[in-house]
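Sequence positions in the sequence shown follow the numbering used here and run 5 to 255.
Before any comments, here is the structure.
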Amino acid sequence: MTPLFPNTTPQTLARLGGALYLAIIVCGAFSEGFVMSQLVVSGDAAATARNILAAPGLWQCAVLLNVLLVLCAVPLQWIEYVLLRPVHHRLALLALVLNLVSLSVESVSKVFMLLVLPTLENTQYMHTLGPQQVAMLAHLLLHAHGVAFNVALLFFGLTCLVNGYLIFHSGYLPKVLGVGMQAAGGSYVASCLAALFAPALAEMLLPALLLVPFLGELCLCLWLLLKGVNITTWKASAAQSQKLRPVLVGE
């Protein structure tokens with residue numbers, strides 16, 4: 005099986021994937037978990053606008069980390085595909101496609117975040133619309149970000165379900181990591197559907213329901229970073245997969 009890069013071992017890819025995953029978790033925890041919770045006041049556009057304008061550097065840092073998060077996720081999804089395709093090529097490809105959709109929608113959500121501060125600081129908007137309307141416009145951008153982000157996480161939850169299945173059946177990663185990722189995927193799907201279609205229910209479930217994905221992803225991240233994969237088993241699975249996988253048109 006041809007590796008992602010020439011002379012790159014599965015163990016190196018696993019460690020790199022773990023490092024990227026850790027960066028994603030840290031960026032997400034700070035930007036979404038800390039900054040957004042500190043500056044964004046639910047249901048109060050004026051207070052949110054005041055908070056963001058009072059700490060523009062902190063807001064811009066959060067936005068930057070959100071963009072870096074997506075950039076780190078692009079190579080990570082390919083690494084996951086390369087590491088897991090020996091288990092089942094088509095399912096690994098399905099996870100890759102689901103993840104691509106997730107990252108595409110998430111990239112759009114970051115555009116909304118990038119527009120918030122320039123909207124609040126635009127003097128022409130302020131003069132024409134007034135401070136209350138500008139605050140509402142920024143609030144609408146934040147709401148659009150939230151909707152797009154939940155749609156992205158919905159597809160990511162499906163990705164976790166498929167990857168969890170592949171990890172469980174891999175033989176070169178612990179089964180418990182697969183169970184954890186499937187639990188994470190189910191939690192993402194449930195929480196995102198609730199946030200999109202039953203906000204009152206989401207208020208009751210969150211943030212407790214998101215603790216499951218955090219633990220599941222953190223365990224996989226640390227295992228890849230510190231332990232990697234069982235290379236002997238991975239190579240055997242890759243060789244067997246190469247024999248059994250049908251030749252596709254153009255391959």
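Positions of the beta carbon are idealized from the N, C-alpha and C atoms, including for glycine.
- prompt: Is there a Cβ from chain D that is less than 7 Å from the Cβ of G175?
  reply: Looking for chain D here will not work: only one protein chain is present.
Element boundaries [alpha helix (DSSP H), containing V180]: V180 -> alpha helix (DSSP H) spans K179 to F201.
message: Using the three-state DSSP reduction, which class does V45 fall into: helix, strand or coil?
response: coil
Where V151 sits in the DSSP three-state scheme: helix
query: With distances taken from CA atoms, which of F201, F172 and Y176 is nearest P187?
result: Note on residue identity: the sequence assigns Ala, not Pro, to residue 187. Measuring from the Cα of A187, the nearest candidate turns out to be F172.
- request: Give me the Cα-Cα distance between A23 and L229, rounded to the nearest whole angstrom.
  value: Spanning the alpha carbons of A23 and L229 requires a straight line of approximately 6 Å.
- request: Answer with buried or exposed for R94, where buried requires no fewer than 16 other C-beta atoms within 10 angstroms of its C-beta.
  value: exposed
Secondary structure of L157, DSSP reduced to three states: Of the three classes helix, strand and coil, the one that applies to L157 here is helix, per DSSP.
query: S113 and A156 look like a contact to me (Cβ under 8 Å); what is the Cβ gap, rounded to whole Å?
result: 6 Å
Own chain residues within Cβ distance below 6 Å of M130, not counting five before or after: V138
field: Pairwise C-alpha distance: S46 and A212
entry: 18 Å
message: Here's the rule: buried if 16 or more other CB atoms are within 10 angstroms of the residue's CB, otherwise exposed. What is P14?
response: buried
message: So for Y176, helix, strand or coil by DSSP?
response: coil
- request: With DSSP as the reference, label Q244 as helix, strand or coil.
  value: helix
message: Is it buried or exposed, G61, if we count other Cβ atoms within 10 angstroms and call 16 or more buried?
response: exposed
field: Cβ neighbour criterion (16 or more within 10 Å) applied to G220
entry: Buried is the call here.
- request: Out of C196, A51, A240 and Y85, point me to the one whose CA is closest to V166's CA.
  value: Y85
- prompt: Between the stretch 188–207 and the stretch 231–244, do at least 3 Cβ pairs fall closer than 8 Å?
  reply: no
task: Determine the direct distance from the alpha carbon of V71 to that of Q42, and round the result to whole angstroms.
output: 19 Å
query: In whole angstroms, what is the alpha-carbon distance linking A204 and L121?
result: 29 Å
message: My output table needs one value for V233: the three-state DSSP class, helix, strand or coil.
response: Correct three-state label for V233: coil.
query: Are the beta-carbon atoms of G32 and L73 separated by less than 7 Å?
result: yes
task: Measure the Cβ-Cβ separation of F116 and L69 and say whether it is below 7 Å.
output: no
task: Thinking A66 and V39 are a contact (beta carbons under 8 Å), I'd like their distance in whole angstroms, please.
output: 4 Å
message: Please report the distance separating the alpha-carbon of L158 from that of A152.
response: 10 Å
- prompt: Taking C-beta to C-beta, are M185 and G161 nearer than 7 Å?
  reply: no
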